[in-house]
Amino acid sequence: MTVLYPAVLIAAVPLTAAAIAAYVWLARRRTRVLVSAGLVAAKDRRAAVRRHLPWAFFLAALPVMLAGTARPEAEVAVPRVAGTVILAFDISNSMAADDVSPTRLGAAQAAAGEFVRRQPESVDVGVVVFGDQALNTQAPTDDHDLAIAAIGRARAGGGTSLGQAIMVSLGAITGKPVVVDPDAAPPDLGYWPSATIVLFSDGEETGGPDVEAAAGLAAAAGVRIQTVGVGTPEGATVEVDGYRLTTALDETLLTAIAQVSGGEYHTAGDADALADTTGGIDLRLTTKREPVELTAPFAGAALLLLAVGALLHTRWHGRII
2 MTVLYPAVLI
12 AAVPLTAAAI
22 AAYVWLARRR
32 TRVLVSAGLV
42 AAKDRRAAVR
52 RHLPWAFFLA
62 ALPVMLAGTA
72 RPEAEVAVPR
82 VAGTVILAFD
92 ISNSMAADDV
102 SPTRLGAAQA
112 AAGEFVRRQP
122 ESVDVGVVVF
132 GDQALNTQAP
142 TDDHDLAIAA
152 IGRARAGGGT
162 SLGQAIMVSL
172 GAITGKPVVV
182 DPDAAPPDLG
192 YWPSATIVLF
202 SDGEETGGPD
212 VEAAAGLAAA
222 AGVRIQTVGV
232 GTPEGATVEV
242 DGYRLTTALD
252 ETLLTAIAQV
262 SGGEYHTAGD
272 ADALADTTGG
282 IDLRLTTKRE
292 PVELTAPFAG
302 AALLLLAVGA
312 LLHTRWHGRI
322 I
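Just so it is clear: in the sequence shown, position 196 is 197 by the numbering used here, and no numbers are missing.
So this is what it looks like as structure tokens:
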């Protein structure tokens, strides 16, 4: 626990001690007067309890009230429901094609930015970019501004490995490297139904791990893949190393990837349908440590002590003080 005003907490000790000393001195003086006047017996324990017990509650309220004035804070585990979305971006050379405005990559970035802005704070968003290889450029976070900034940094270049994109996205979800080995049994990734991969691509695969095997691995882990096609079936041309290459949207492959994992295929312009993909996520219950100010509980405890003291004093002496 921490306090915002530690000086008040330090001062509470001598102030409380002084208040107790003052009460003891006044109580003894008053008792001597009452005994000398014959109003009470010197060893009347019942009368002593009635005299002192209400004031014990009043004095106990003082340090509690001062502690609350010091603005104490404590970190507590606050439950929340949460999901994880990994945005995987194709940054291959073909994403520089301008058959959609301004380019395929630009359209994907715009759609993804709008998607992130529509997500509730309980959904953590991560970003993976992929060409021949894939890279996790933003770990899943509830700070959506960081995810949007990572989306904006993507630049086109290289080939396309959709299999690598899915494996690195699964690694971002599970927190450990994921590899598909055709000669070995599929790795056990656990079950992650609260996670979704949203894959932005034109679907032009140029090599790498078996994309359908990677999608099957995601399905076994309970992770749905929502694919987003960026481009047009008619295609366009892009210049790569001095050569002009024709590139077109492969909706068939992107649809197959989505269907293997239980997801759906979308187009980049279908922003409303894309934003709704998290509606089917089975959100998990997690805890997040947050600072909570304890002034109110301390104030409540002090008022309770004062109220008990006042009730006892009223009952036994006919007045609050």
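The beta-carbon is built from N, C-alpha and C at its ideal position, and this holds for glycine as well.
(message) Assuming residue 89 and residue 162 are in contact, meaning their beta carbons sit under 8 Å apart, how far apart are those beta carbons, in whole angstroms?
(response) At roughly 11 Å, the Cβ-Cβ gap does not stay under 8 Å, so residue 89 and residue 162 are not in contact.
(message) Can you check which of these residues, 225, 166, 193, 189, is closest to residue 208 by C-alpha distance?
(response) 166
(message) Taking its Cβ as the centre, do 16 or more other Cβ atoms sit within 10 Å of residue 144, making it buried, or is it exposed?
(response) exposed
(message) Within 10 Å of its beta-carbon, does residue 11 have 16 or more other beta-carbons around it, so buried, or fewer, so exposed?
(response) exposed
(request) Quick one: grab the DSSP three-state call for residue 237. (result) strand
(message) Give me the residue from 9, 231, 193, 119 with the minimum Cα distance to residue 173.
(response) 193
(request) For residue 307, I'd like the list of residues in its chain whose CB is within less than 8 Å of its CB, leaving aside the five on either flank, ordered along the chain. (result) 58, 59, 62
(message) Across the stretch 83-97 and the stretch 154-161, are there enough close Cβ pairs to call them in contact, namely three or more that are closer than 8 Å?
(response) yes
(request) Quick one: give me the first and last residue of the beta strand (DSSP E) that residue 202 is part of. (result) 196-202
(request) Identify the continuous alpha helix (DSSP H) that holds residue 161 and give its terminal residues. (result) From DSSP, residue 161 is part of no alpha helix (DSSP H); its letter is neither H nor E.
(request) Consult DSSP for residue 256 and reduce its assignment to one of helix, strand or coil. (result) helix
(message) So for residue 85, helix, strand or coil by DSSP?
(response) strand
(request) Confirm, please, whether the CB-CB distance from residue 248 to residue 95 is below 8 Å. (result) yes
(message) So the candidates are 316, 203, 260; which of them puts its Cα closest to the Cα of residue 219?
(response) 260
(request) Spatial neighbours of residue 142 within its chain, please: CB distance less than 8 Å, with the 5 preceding and 5 following residues excluded, ordered by chain position. (result) 125, 126, 127, 148
(request) May I ask you to check if the CB of residue 145 is nearer than 7 Å to at least one heavy atom of the ligand HEM? (result) Looking for the ligand HEM in the displayed structure turns up nothing, as the structure carries no ligands at all.
(request) Following the continuous beta strand (DSSP E) through residue 226, name the residue where it begins and the one where it ends. (result) 225-230
(message) Can you find the residues in the same chain that come closer than 6 Å, C-beta to C-beta, to residue 262, ignoring five residues on each side of it along the sequence?
(response) 216, 219, 220, 225, 226
(request) Let me know the secondary structure DSSP gives residue 25 once reduced to three states. (result) helix
(request) Tell me residue 73's beta-bridge partners as DSSP assigns them. (result) 4
(request) Go through its chain and collect everything with a Cβ distance to residue 139's Cβ below 7 Å, but skip five positions before and after it. (result) 127, 128, 147, 148, 151
(request) Assuming residue 74 and residue 298 form a contact by the criterion Cβ under 8 Å, report the distance between their Cβ atoms to the nearest whole angstrom. (result) Not really, about 12 Å apart at Cβ, beyond 8 Å.
(message) On the DSSP bridge list, what partners appear for residue 129?
(response) 89, 137
(message) Are the CB atoms of residue 9 and residue 48 within a distance shorter than 8 Å?
(response) no
(request) Kindly indicate which three-state DSSP category residue 104 falls into: helix, strand or coil? (result) coil
(message) Less than 6 Å between C-beta atoms, sequence neighbours within five positions excluded: which residues of the same chain meet that for residue 97?
(response) 104, 157, 239
(request) Count the other CB atoms, across all protein chains shown, that sit within 10 Å of the CB of residue 134; report buried if there are 16 or more and exposed otherwise. (result) exposed
(request) State the start and end residues of the unbroken beta strand (DSSP E) segment that holds residue 245. (result) 244-248
(request) Starting from residue 266, follow its DSSP beta bridges and name the residues at the other end. (result) 228
(message) Let's test the definition: count the other Cβ atoms within 10 Å of the Cβ of residue 279 and tell me whether it reaches 16, buried, or not, exposed.
(response) Confidence in residue 279 is poor, its pLDDT being 47 and thus under 50, which makes the residue's placement too unreliable to answer from.
(request) State the Cα-Cα distance for the pair residue 315 and residue 77, rounded to the nearest angstrom. (result) 39 Å
(message) Let's test the definition: count the other Cβ atoms within 10 Å of the Cβ of residue 64 and tell me whether it reaches 16, buried, or not, exposed.
(response) buried
(request) Measuring alpha carbon to alpha carbon, tell me which of 29, 191, 120, 17 ends up nearest residue 83. (result) 120
(request) Can you grab the Cα-Cα spacing for the pair residue 191 / residue 114, in whole Å? (result) 30 Å
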